[in-house]
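In what follows, a single structure is set out as structure tokens and then discussed.
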Amino acid sequence: MIRTINQLEDLASIDGPLHLALGVFDGVHVGHQSVIRSAVDAAKTDGGIAGVLTFDPHPIRVLAPESAPRRILASLGHKQELLAKLDIEIMVVVPFTPEFACVEALDFLKELKDNCPNLKSLSMGEDWKFGKNRRGDTSLLKVFGDQENVIIYPLPAVMLDGERVSSTRVRQAIRDGNLNAAEAMLGRPYTVLGTVIEGQKLGRSLGFPTANLRVYNEQLPSDGVWAVRCQLDDGSEYCGAANLGMRPTLDSANPKRLLEIHLLDFEGDIY
229 MIRTINQLED LASIDGPLHL ALGVFDGVHV GHQSVIRSAV DAAKTDGGIA GVLTFDPHPI
289 RVLAPESAPR RILASLGHKQ ELLAKLDIEI MVVVPFTPEF ACVEALDFLK ELKDNCPNLK
349 SLSMGEDWKF GKNRRGDTSL LKVFGDQENV IIYPLPAVML DGERVSSTRV RQAIRDGNLN
409 AAEAMLGRPY TVLGTVIEGQ KLGRSLGFPT ANLRVYNEQL PSDGVWAVRC QLDDGSEYCG
469 AANLGMRPTL DSANPKRLLE IHLLDFEGDI Y
């Protein structure tokens, strides 16, 4: 199980060398995976611990909310599950607040090192910017690394079909219903994470019980009926049919976009 740390001070409790991947990692697509793999490989070589340092909420939601995407690719819990599959052991979640946005890049790095004397390496995209007014970059990181004996691994962007893989491209592919393109950029089938909530149980009365899923502001594809594979909390998997769309007939007073899933060959309580 991946360990989550919500404040830099708690990094002092980590025993052994720590290798961190830095970034927002929305969706954990193949570009993000390149950065994460760098930290994992460094930890395996050094016999240390691989971790990710990320931010919540997405910085753009604080710095320029009018430009922020309406939907994300992975909620924090979803991201945690994806990172665990990549051999990440620790996820450091830094709360991104207006106050934190005013911290100078070098001050952030110094605080990170002060709280984690066993910090051995940092991996990030080669064009990653951070700190007040985005003044932090890989040049500053390399100077910091030389001074503090921390190895810096800047990774080039991952390209697909002549274009850089980005969360924006993935979201657009999902919106368009082009899940093959989304899968190519994600490096895995497109997934959503949600909680089963109480519905009107009309499907049950018709012999086709459905699970209503509340997703956490995650990007959904276009409306329609989709073939799906569902994984429950206990790890069991089932094939199913999902209906995504509005229900104006049943919810005429307050129609909502709903994701309903009927699991094949399943009987049980998944609330």
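In this note's numbering, the protein residues as written are 229 to 499.
Beta carbons are placed, not taken as given, at the ideal position from N, Cα and C, and that holds for glycine.
Keep in mind the model is a prediction, meaning the values are calculated, not measured.
The beta-carbon separation of Gln-261 and Leu-314, rounded to 7 Å, stays under the 8 Å limit for a contact.
Three or more beta-carbon pairs drawn from the segment 266-273 and the segment 238-255 are found closer than 8 Å, and the two stretches are therefore classed as touching. Residue pairing by DSSP places His-490 opposite Ala-469 in a beta bridge. When only Cα atoms are considered, Asn-234 and Ala-333 end up about 19 Å apart.
Spatial neighbours of Ala-401 in its own chain (CB-CB distance under 8 Å, excluding positions within 5 residues in sequence) are listed in chain order as Leu-407, Ala-409, Ala-410, Met-413. Shown here, Ile-264 sits in a helix according to DSSP, grouped into three states. Within the DSSP bridge table, the entry for His-247 names Ala-278, Ser-349 as partners.
Distances from the alpha-carbon of Arg-231 to those of Val-443, Pro-384, Arg-442, Ile-318 put Ile-318 closest. By the beta-carbon neighbour count (other beta carbons within 10 angstroms, threshold 16), Leu-239 is buried. In the three-state reduction of the DSSP assignment, Thr-325 falls in the coil class. DSSP links Val-456 through a beta bridge to Gly-468. In this structure, Phe-324 sits near Pro-287, with a CB-CB distance shorter than 8 Å. The criterion of a C-beta distance shorter than 8 Å is satisfied by Val-321 and Asp-284. Taking Cys-458 as reference, the option from Leu-441, Leu-383, Gly-255, Val-256 with the minimal CA-CA separation is Leu-441. In terms of Cβ geometry, Thr-366 and Pro-382 form a close pair [threshold 8 Å]. Straight-line spacing of the CA atoms in Asn-471 and Val-453 works out to 5 Å.
Val-320 has Ile-233, Leu-281 as its beta-bridge partners, per DSSP. With contacts defined as CB atoms closer than 8 Å, Val-420 and Val-393 fail to qualify as a contacting pair. Boundaries for Thr-419: no alpha helix (DSSP H) harbours it, and the DSSP string shows neither H nor E there. When secondary structure is reduced to three states using DSSP, Gly-259 falls in the helix class. Cβ atoms of Ser-349 and Val-378 come within 8 Å of each other, at about 6 Å. For Arg-363, there is no enclosing alpha helix (DSSP H), since its DSSP letter is neither H nor E. Residue nearest to Gly-305 within the set Lys-357, Thr-423, Val-371 is Thr-423 (criterion: CA-CA distance). Residue pairing for Leu-301: DSSP places it in no beta bridge.
The three-state secondary structure of Glu-391, taken from DSSP, is strand.
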